[in-house]
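Take a look at the structure set out below.
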Amino acid sequence: MSGTLTLPALRGRLEADAPLGPQTWFRVGGPAELLAKPADAEDLVALLAGLEPAMPLTVLGAASNLIVRDGGVPGLVVRLPARGFGTVAVEADGIVAGAAALDVTLAEHAAAAGLAGLEFLCGIPGSVGGAVAMNAGAYGTEVKDVLDWAEVATARGVERLPAAAFRFDYRHATLPERGVVVRARFRAAPGDAAAIAARMAEIRSAREASQPVRARTGGSTFRNPEGAKAWALIDAAGCRGLRRGGAMVSEKHANFLVNTGGATAAEIEGLGEAVRERVLAHSGVPLHWEIRRIGVAQ
233 MSGTLTLPAL RGRLEADAPL GPQTWFRVGG PAELLAKPAD AEDLVALLAG
283 LEPAMPLTVL GAASNLIVRD GGVPGLVVRL PARGFGTVAV EADGIVAGAA
333 ALDVTLAEHA AAAGLAGLEF LCGIPGSVGG AVAMNAGAYG TEVKDVLDWA
383 EVATARGVER LPAAAFRFDY RHATLPERGV VVRARFRAAP GDAAAIAARM
433 AEIRSAREAS QPVRARTGGS TFRNPEGAKA WALIDAAGCR GLRRGGAMVS
483 EKHANFLVNT GGATAAEIEG LGEAVRERVL AHSGVPLHWE IRRIGVAQ
């Protein structure tokens, strides 16, 4: 990485050669060439406006569904801090939340207010910005089903866009070029508090029982192919428990990769590629990564 990048003045924090691995759920990966944490949306807009067009830009959320490669991430990495981007406001028929607010926090605020329809978010280990950017979903509901609007910062300012503008697809949203989600509104409806609490408890219990939630993992590794379940294809190909260095296919859920301790990003990604090869050879079905992989190999 060049080490020669320059940025406009920032009221927030700016760090060169900033470690990213400890911030990811896998706990692997190299540094960011530059890591910026803007103070607020105005600070972020100024930052984006001052970037040279050729400067690589990467935006991180909670870094839960992510592999940072061992060589690190060139250019500028932006991560929105909770202070400035983590507020949650309850309204009569919905919740407005900053991009840095955790999905589970949003679900808990809705439940406390007796608002139904956002319970699924307690089963998604990420942040609001990431949930919008990847159309996160679980337990039969996706962000596209409940999003009213999201505000996106670009070099031109902050624009409020309706849900339809994001052209949502499976685990994908179309954002403006170099755009960063800063806030979003999710609609909900008054409901029975006991029923909402019971549904959230059911989701948490199901997740605890079926997923390696206490391991160093990145969530669901591969997208479910049309008409199939990725975990079942992986299991049928004999990959459950498969290892590469410190990386392993979870014994608990075959569509999860885990860092058993001391794994490198290359080992985790390489194991994923080995799984894809085995599944294709066994069933003829190609698996596509759901985990985001960024940076350069070492």
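If you count the sequence shown from 1, position 199 lands on 431 in the numbering used here, and the numbers rise without skipping. For every residue, glycine included, the Cβ atom is placed at its ideal position computed from N, Cα and C. This structure is a prediction, so every number in the text was calculated from the model and none was measured.
Tell me the DSSP bridge mates of residue i?
{"i": "P251", "result": "P263"}
{"i": "T373", "result": "A370"}
{"i": "K269", "result": "R245"}
{"i": "G389", "result": "T386"}
{"i": "R475", "result": "M480"}
{"i": "W521", "result": "F454"}
{"i": "T290", "result": "V309"}
Pull up the distance between the alpha-carbon of residue i and that of residue j, whole angstroms please.
{"i": "E391", "j": "A385", "result": "6 Å"}
{"i": "R525", "j": "L267", "result": "17 Å"}
{"i": "G502", "j": "E323", "result": "46 Å"}
{"i": "L298", "j": "W257", "result": "8 Å"}
{"i": "G244", "j": "A271", "result": "4 Å"}
{"i": "A433", "j": "A426", "result": "10 Å"}
{"i": "G355", "j": "P285", "result": "37 Å"}
{"i": "V336", "j": "A397", "result": "25 Å"}
{"i": "L334", "j": "G304", "result": "25 Å"}
{"i": "V360", "j": "R446", "result": "22 Å"}
{"i": "G235", "j": "L246", "result": "Reliability fails at G235, whose pLDDT of 44 lies under 50, so the model's placement of it is uncertain and the value that follows must be treated cautiously. Their backbone Cα atoms lie some 14 Å apart in a straight line."}
{"i": "P288", "j": "P306", "result": "7 Å"}
{"i": "W521", "j": "V260", "result": "18 Å"}
{"i": "A395", "j": "L407", "result": "11 Å"}
{"i": "L474", "j": "K461", "result": "18 Å"}
{"i": "R388", "j": "V277", "result": "7 Å"}
{"i": "T290", "j": "I466", "result": "31 Å"}
{"i": "D302", "j": "L252", "result": "10 Å"}
{"i": "G326", "j": "A344", "result": "12 Å"}
{"i": "P444", "j": "A241", "result": "42 Å"}
{"i": "H341", "j": "E458", "result": "34 Å"}
{"i": "T492", "j": "G369", "result": "27 Å"}
{"i": "I523", "j": "L489", "result": "10 Å"}
{"i": "L519", "j": "R455", "result": "7 Å"}
{"i": "N487", "j": "G451", "result": "8 Å"}
{"i": "V507", "j": "G527", "result": "21 Å"}
{"i": "A438", "j": "L239", "result": "45 Å"}
{"i": "D380", "j": "I435", "result": "24 Å"}
{"i": "K269", "j": "E499", "result": "29 Å"}
{"i": "L283", "j": "A430", "result": "47 Å"}
{"i": "E383", "j": "F317", "result": "12 Å"}
{"i": "K484", "j": "P254", "result": "24 Å"}
{"i": "V481", "j": "W463", "result": "10 Å"}
{"i": "L350", "j": "C471", "result": "34 Å"}
{"i": "P357", "j": "A294", "result": "8 Å"}
Throw me the rounded Cβ distance for the residue i and residue j pair, which I believe falls under 8 Å.
{"i": "A497", "j": "G477", "result": "Contact flag wrong, Cβ pair sits at about 11 Å."}
{"i": "G372", "j": "I428", "result": "Contact doesn't hold; Cβ gap of about 16 Å is too wide."}
{"i": "T449", "j": "G504", "result": "About 12 Å separates the two Cβ atoms, so there is no contact after all."}
{"i": "A175", "j": "A416", "result": "Look at the range of the chain in this structure, 233 to 530, and you will see that residue 175 is not part of it."}
{"i": "F418", "j": "L338", "result": "7 Å"}
{"i": "V511", "j": "A469", "result": "5 Å"}
{"i": "A562", "j": "V378", "result": "Here the chain covers residues 233 to 530 and nothing more, so residue 562 does not appear."}
{"i": "A331", "j": "V413", "result": "5 Å"}
{"i": "M366", "j": "R410", "result": "Not a contact, Cβ separation roughly 17 Å."}
{"i": "L292", "j": "R311", "result": "5 Å"}
{"i": "A264", "j": "V309", "result": "4 Å"}
{"i": "A348", "j": "A421", "result": "6 Å"}
What are the start and end residues of the beta strand (DSSP E) that includes residue i?
{"i": "E454", "result": "Looking at the sequence provided, one finds Phe at residue 454 rather than Glu. From DSSP, F454 is part of no beta strand (DSSP E); its letter is neither H nor E."}
{"i": "V481", "result": "479-481"}
{"i": "D380", "result": "379-386"}
{"i": "I526", "result": "524-526"}
{"i": "L489", "result": "488-491"}
Specify, as a first and last residue, the run of the alpha helix (DSSP H) that residue i falls within.
{"i": "E499", "result": "497-515"}
{"i": "E274", "result": "273-281"}
{"i": "A462", "result": "462-468"}
Checklist entry - At which residue ranges does the segment 392-446 contain complete alpha helix (DSSP H) runs of 4 or more residues, listed in the order of the chain? => result 425-442
Checklist entry - Fully enclosed by the segment 292-367, which beta strand (DSSP E) runs are 3 residues long or longer? => result 298-300, 305-311, 320-323, 326-330
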